[in-house]
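Step one of this worksheet: look at the structure below.
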Ligand SMILES: Nc1ncnc2c1ncn2[C@@H]1O[C@H](COP(=O)(O)OP(=O)(O)OP(=O)(O)O)[C@@H](O)[C@H]1O
Ligand SMILES: Nc1ncnc2c1ncn2[C@@H]1O[C@H](COP(=O)(O)OP(=O)(O)OP(=O)(O)O)[C@@H](O)[C@H]1O
Ligand code: SF4
Ligand SMILES: [Mg+2]
Ligand SMILES: [Mg+2]
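Chains as they are written, first to last, in our numbering: chain A, 62 to 390; chain B, -1 to 336.
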């Protein structure tokens, strides 16, 4: 399998009044051609910061680690000049953001906004851009695309606004789509529509998708592989079926137990004790150790690296070296 | 409405703890391009009962009227029509003095714990205040109660001196739950109490709510949009659509044998944390209609996929009728699934 996007040793630090916040640290992964890779984890674990780094959309306050690289089409995005970067953002990698309502400009019609994206990235005229806008609105299943072209965001439902965002992302025929919590703000029946749309578009257009979500259940149905993040690290990466069949990292195991399942009601959920600490206060050693059921003294002193944990899977946990320490549940 | 369950003994029937009948709440819809004000029904002729010590889960899409219904039941919002009884007392007929007494017995927990707490008040004081307002205890006695409550919700009592921003989201929601418990309520409306929390913390709070209910014999109205969460905590479930209840049943029945097409679609849309294929997902076309212009006939008919759906659905609104025992459904063809 060929990687369309390779992230290596990505680190992002913010300077805050409480000291440096290491939002993302030592993150490496490959997105393969035609696959959906899900980046999953709780609030604040670094999912959005990772996504923004790929498109170089981080705020100025962010410092990217000097050794990091993000390779796309043979070039390191982190080192690109303005013009090639613009090319990558338009026709290479496109992004759909979490809040469709706030990402759209409220005073411009949605069709106009899609056409503007085309004009910004392609040397075409207004009429061609407008036609392309209507074409992609149809592509994402917006009925009456010609009429809806003139609609303002507030006149559309949340689900339609998210379709507009996806249409805008696809307007310049990207190879890679990054979708950051594309359905979180939507009702469950609309969420199902949007997921169906993403799966269908991926197949029809041969896209590679980086799907960001806090919801393991949601990604289980659409992702080929899952990378679980905790505390700015990827703590486990494996094929979706493997993650669910046999989680290696205790955090992944904990998440699977904590999610209430509609097909398996239980009296008590297996909650993970404690809270995620702020990014300024990651504990020494393994960042998960204060909440981990298996932790021993090594976990509070040494930081485990991301290592192979079986065929085609990696994890960041001392249990891989010392499996005898795993407590049976 | 259907009344309390009919008993064949000589004793008078036991009234359910919470009994809501014909509850309607209208709002004025501001429409800039119209001179006159139009009203619409955010909650439309809702009847429901909750037994003492039971949890009714209330689910439905955004804007279906869940919050409005929950707030009307505890009279945080005045209903336009309908009656509400708690423990046999007509809550809407209460005068201010007795209403205050009743308010103590009915509490509410909101989704947004941050907004529910005064940012400049220490969280211990936030829990103590209602105890003193309702004259349940004073001074050192009240402080001791606060310490006990903190322990009960799984917070170290030393956290009493912190301000809300010094706590995590899950800890703040525990404070809000402790505050609701401080006046020893019997009935709590939980309006999306875990929606804003991360899954690992959500599980902690759900476990806590379940433990408290069993220990204190509490009665809950649990509002949520996450059907997996509701399955976990509710004894009965009611599904709302456009201000009306379209299906209600004991949880096992509703999840095992849903009869309204909307419930079926809702359940099939819930992602299951299991990559094995096999579940057919029903993807509904279109968006829910606007409550300002409810469609004639069945409110669901434009999105409906029931194979028996016909012209009757577009003209005649199906009543919420008893299908079997406590299972009630508002669909003409609820018992005609293939
Ligand atoms: N501009 C910023 N200044 C300081 N810290 C920041 C900034 N942006 C993000 N962070 C911190 O970086 C960490 C990672 O944030 P990020 O937004 O990537 O989380 P996330 O995984 O996307 O969470 P969510 O699920 O809530 O969207 C957090 O601890 C956050 O507080
Ligand atoms: N104070 C108000 N004035 C006018 N309309 C209102 C008011 N409060 C709620 N509404 C409307 O009443 C309807 C029901 O709202 P409600 O908040 O009860 O829905 P909900 O089911 O709780 O939705 P959500 O899942 O988004 O919380 C919506 O159309 C809403 O816009
Ligand atoms: S009454 Fe008709 S339209 Fe309504 S849900 Fe039943 S079959 Fe569908
Ligand atoms: Mg994010
Ligand atoms: Mg609500």
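The beta carbon of each residue, even a glycine, is placed where N, CA and C say it ideally should be.
What residues are listed by DSSP as bridge partners for residue i?
i, result
"residue 279/A", "DSSP lists no partner for residue 279/A."
"residue 76/A", "81/A"
"residue 230/B", "The partner list for residue 230/B (beta bridge, DSSP) is empty, contrary to what the question assumes."
"residue 150/A", "Residue 150/A pairs with nothing; no bridge assigned."
"residue 17/B", "47/B, 83/B"
"residue 189/B", "221/B"
"residue 91/A", "67/A"
"residue 305/A", "Residue 305/A pairs with nothing; no bridge assigned."
"residue 38/B", "25/B"
"residue 97/A", "270/A"
"residue 155/A", "238/A"
"residue 54/A", "Lying before the first or after the last residue shown, residue 54/A is absent from chain A, which here runs from 62 to 390."
"residue 130/A", "69/A"
Residue i versus chain A: which residues are under 7 angstroms apart at the beta carbon?
i, result
"residue 226/B", "321, 322, 323"
"residue 268/B", "249, 323"
"residue 132/B", "What residue 132/B touches in chain A: nothing, since even the nearest Cβ is about 31 angstroms away."
"residue 157/B", "What residue 157/B touches in chain A: nothing, since even the nearest Cβ is about 12 angstroms away."
Residues of chain A with CB closer than 9 angstroms to the CB of residue i, please, in chain order.
i, result
"residue 59/B", "248, 249, 250, 251"
Under a three-way DSSP split, which group does residue i fall into?
i, result
"residue 365/B", "Limits of chain B in this structure are -1 at one end and 336 at the other, which puts residue 365/B out of reach."
"residue 294/A", "strand"
"residue 389/A", "coil"
"residue 361/A", "helix"
"residue 135/A", "coil"
"residue 197/B", "helix"
"residue 25/B", "strand"
"residue 160/A", "coil"
"residue 239/B", "strand"
"residue 180/B", "coil"
"residue 209/B", "helix"
"residue 170/B", "helix"
"residue 287/A", "strand"
"residue 176/A", "helix"
"residue 156/B", "helix"
"residue 147/B", "helix"
"residue 272/A", "strand"
"residue 114/A", "helix"
"residue 369/A", "strand"
"residue 112/B", "helix"
"residue 123/A", "strand"
"residue 324/A", "coil"
"residue 333/B", "coil"
Quick one: list the residues of chain B neighbouring residue i, beta-carbon separation under 7 angstroms, in chain order.
i, result
"residue 220/A", "285"
"residue 332/A", "198, 201, 202, 205"
"residue 279/A", "269"
What does residue i touch in chain B if you count any residue whose Cβ is under 9 angstroms from its own?
i, result
"residue 294/A", "Those within 9 angstroms of residue 294/A in chain B number zero; the least Cβ separation is about 16 angstroms."
"residue 257/A", "279, 281"
"residue 305/A", "271, 272, 273, 274"
"residue 103/A", "196, 197, 198, 199"
"residue 223/A", "Residues of chain B passing the Cβ test: none, with the nearest at roughly 12 angstroms."
"residue 275/A", "196, 197"
"residue 170/A", "Simply none; closest approach about 18 angstroms."
"residue 337/A", "166, 196, 198, 199"
Please list, in chain order, the chain A residues whose beta carbon lies closer than 8 angstroms to that of residue i.
i, result
"residue 208/B", "328, 329"
"residue 218/B", "Under the 8 angstroms cutoff, chain A gives no residues; its nearest Cβ is about 15 angstroms from residue 218/B."
"residue 160/B", "The premise fails here: residue 160/B is roughly 14 angstroms from chain A at the closest Cβ pair, so nothing lies under 8 angstroms."
"residue 264/B", "249, 250"
Ligand 6 heavy atoms versus the CB of residue i: any closer than 6 angstroms?
i, result
"residue 275/A", "Absent from the structure shown: ligand 6. Ligands present: ligand 1, ligand 2, ligand 3, ligand 4 and ligand 5."
Beta carbon shell of ligand 5 at less than 7 angstroms from a heavy atom: 64/B, 65/B, 189/B, 190/B, 221/B
Exercise. Residue ranges of each beta strand (DSSP E) run of no fewer than 3 residues wholly in the segment 187 to 263 of chain A, ordered along the chain?
Worked result: 237 to 241
Alpha helix (DSSP H) runs wholly inside the segment 241 to 328 of chain B, at least 4 long, in chain order: 249 to 254, 259 to 267, 309 to 313
Self-check item: Length-filtered (3 minimum) beta strand (DSSP E) runs lying within the segment 42 to 108 of chain B
Solution: 53 to 58, 79 to 84, 104 to 107
| said: Any residue with its C-beta under 7 angstroms from a non-hydrogen atom of ligand 4 counts. Can you list them all in chain order? | reply: 108/A, 109/A, 159/A, 241/A, 242/A, 273/A
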